[in-house]
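J.: Order-wise, the sequence lines are chains E and A. Residue numbers for the first sequence follow the numbering used here, beginning at 1 and rising by one. Residue numbers for the second sequence follow the numbering used here, beginning at 1001 and rising by one. Beta carbons are placed, not taken as given, at the ideal position from N, Cα and C, and that holds for glycine. Small disclaimer: the values here were computed from a predicted structure and weren't measured.
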Amino acid sequence: MTYEFTGKTEEEAIETAINELGLERDAFDVEILEKSKGIFRKGPVKIKVYIDEDMPEKEESGSDTYEITEPEIEMVDFLKNIIEKMGIAATLEINKAEENKVCINIESDMTNLLIGRKGATLDALQLLANVFISKKKEDLKVVVDIENYRGRREQSLQDLALKTARYVRKTKTSQLLEPMNPFERRIIHLTLAELNDIETISEGEGLYKKVRVIFKKNFNG
Amino acid sequence: MEKDLVEYIAKTLVDCPDQVEVNMIEGEKSTMLELKVAPEDIGKVIGKQGRIAKAIRTVLSAASVRTGKRVVLEILD
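#1: Run down chain E in chain order and give the residues with a C-beta less than 7 Å from the C-beta of residue 1012 of chain A.
#2: For the region 81-96 of chain E, list every residue whose C-beta sits within 7 Å of some C-beta in chain A, in sequence order.
#3: For a contact defined as C-beta to C-beta under 7 Å, what are the partners of residue 113 of chain E on chain A?
#4: Helix, strand or coil: which one does DSSP assign to residue 77 of chain E?
#5: Should residue 1055 of chain A and residue 1005 of chain A be called a contact, given that it needs their Cβ atoms to be closer than 7 Å?
#6: Quick check on the DSSP output: the beta strand (DSSP E) that includes residue 1033 of chain A runs from which residue to which?
#7: Could you tell me which uninterrupted alpha helix (DSSP H) segments, each at least 4 residues in length, are contained entirely in the region 181-216 of chain E, listed from first to last along the chain?
#8: What's the call for residue 1031 of chain A, buried or exposed, on a 16-neighbour Cβ count within 10 Å?
#9: Chain E beta carbons: is any one of them nearer than 7 Å to that of residue 1004 of chain A?
#10: Thinking C-beta only, is residue 174 of chain E closer than 7 Å to residue 212 of chain E?
#11: Does the beta carbon of residue 1038 of chain A sit closer than 7 Å to a beta carbon anywhere in chain E?
#12: Report the CB separation of residue 1033 of chain A from residue 1022 of chain A in whole angstroms; it is logged as a contact under 8 Å.
#13: Among residues of its own chain, excluding the 5 on either side of residue 136 of chain E, which ones have a beta-carbon nearer than 6 Å to its beta-carbon?
#14: Rounded to the nearest angstrom, what separates residue 229 of chain E and residue 198 of chain E at their Cα positions?
#15: Spatial neighbours of residue 111 of chain E within its chain, please: C-beta separation below 7 Å, excluding the five flanking residues on both sides.
#16: Looking at the C-beta of residue 1031 of chain A, does it have a partner C-beta in chain E at a distance below 7 Å?
#17: Taking all protein chains shown into account, do 16 or more other C-beta atoms lie within 10 angstroms of the C-beta of residue 1058 of chain A, making it buried, or fewer, making it exposed?
#18: Which residues in chain E have a C-beta closer than 7 Å to the C-beta of residue 1079 of chain A? List them in chain order.
In structure tokens form, the structure reads like this:
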């Protein structure tokens, strides 16, 4: 979105823009279109204002991040000690964006070792962190992540879900996926929920179940 | 060292840390760790469907990748 404003000086034009649009100064970019030449001649200045629409109306203030409490700090120390005793050098960062959820981000040179096969080590660390915090504080979820592994895993699971859906649609059969934990299965179910001709069912017992992706044979339309 | 790792995790999770004991039996290709905790704490190191025990074993095997020696964790009751 762009607007044009004029003023006697550059500052005045920007001031007008701020008042008229009701935005903070850092919510838009300014381009000067016309400026009278010469240092002493003060002519009208025309500016063009660019508003970034992705930018939130009001800037996020500090009140949106929740305070990190003592049990959470102890939990980070617990994880730090575990990783240290594994013989791995790493730094941990804690982020709290929601009241009942904290994210621990690990940085290390030994990323592969800390993630493990299909995220097994990362999941184990996350489970231990959750067990630790549940002793101290109820209703708090801990997510442990390294180099956005969780985000990348989610993307690859979505891709897998869609690829499998295309396959069963083409062959008019069903296909059983590899064993997955509840969070991973949820991503598969959610990704395919909007496809009317595809059904997903979890099969098996225990924590790691398999998802079956099924083409609905009697689906019309 | 793996023994410290198990001991530390167990001591942090149980209610009676002074009753945590870890014995190490070194073999040629693998190391066996025997974890002993107070009877009322057994659930704290095993967890529902063995989830905690599994997590400890996973962390242990990641730690032992570098030594190349297999580590087996036994929880005694």
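T.: According to the structure shown:
#1: Position 12 of the second sequence holds residue 1012 of chain A. Residues of chain E passing the Cβ test: 78, 132.
#2: 81, 82, 85, 86, 87
#3: Within the first sequence, the letter at position 113 stands for residue 113 of chain E. The answer, in chain order, is 1062, 1065.
#4: As a first step, residue 77 of chain E is located in the first sequence; it is residue number 77 there, counting from the start. It is helical.
#5: To locate residue 1055 of chain A, count along the second sequence from 1; it is residue 55. To locate residue 1005 of chain A, count along the second sequence from 1; it is residue 5. Result no, Cβ atoms of residue 1055 of chain A and residue 1005 of chain A do not sit closer than 7 Å.
#6: Within the second sequence, residue 1033 of chain A is the residue found at index 33, counting from 1. First-last of the beta strand (DSSP E) with residue 1033 of chain A: 1030-1036.
#7: 182-193
#8: Taking the second sequence and counting its residues from 1, the one referred to as residue 1031 of chain A is at position 31. With 16 or more other Cβ atoms within 10 Å, it is buried.
#9: Counting from 1 along the second sequence, the entry for residue 1004 of chain A is found at position 4. True, the Cβ-Cβ gap to chain E drops below 7 Å.
#10: For the purposes of this step, residue 212 of chain E is taken as residue 212 along the first sequence, with counting starting at 1. For the purposes of this step, residue 174 of chain E is taken as residue 174 along the first sequence, with counting starting at 1. Taking 7 Å as the Cβ cut-off, residue 212 of chain E and residue 174 of chain E qualify as a contacting pair.
#11: Your numbering for residue 1038 of chain A matches position 38 in the second sequence. Cβ-Cβ to chain E under 7 Å: no for residue 1038 of chain A.
#12: By one-based count along the second sequence, residue 1033 of chain A stands at place 33. By one-based count along the second sequence, residue 1022 of chain A stands at place 22. Confirmed, Cβ separation roughly 6 Å.
#13: Mapped onto the first sequence, residue 136 of chain E falls at position 136. Result list for residue 136 of chain E: 71, in chain order.
#14: One cannot answer for residue 229 of chain E here, as it falls past the ends of chain E, which runs 1 to 221.
#15: For the purposes of this step, residue 111 of chain E is taken as the residue at position 111 of the first sequence. If we look at residue 111 of chain E and ignore the five residues flanking it on each side, its Cβ neighbours are 146, 147.
#16: Position 31 of the second sequence, counting from 1, holds the residue named residue 1031 of chain A. No, residue 1031 of chain A lies away from the interface with chain E (no Cβ there is under 7 Å from its Cβ).
#17: Position 58 of the second sequence, counted from the start, is the residue given in the question as residue 1058 of chain A. So residue 1058 of chain A counts as buried.
#18: Residue 1079 of chain A falls outside the range modelled here, since chain A spans only 1001 to 1077, and no answer is possible.
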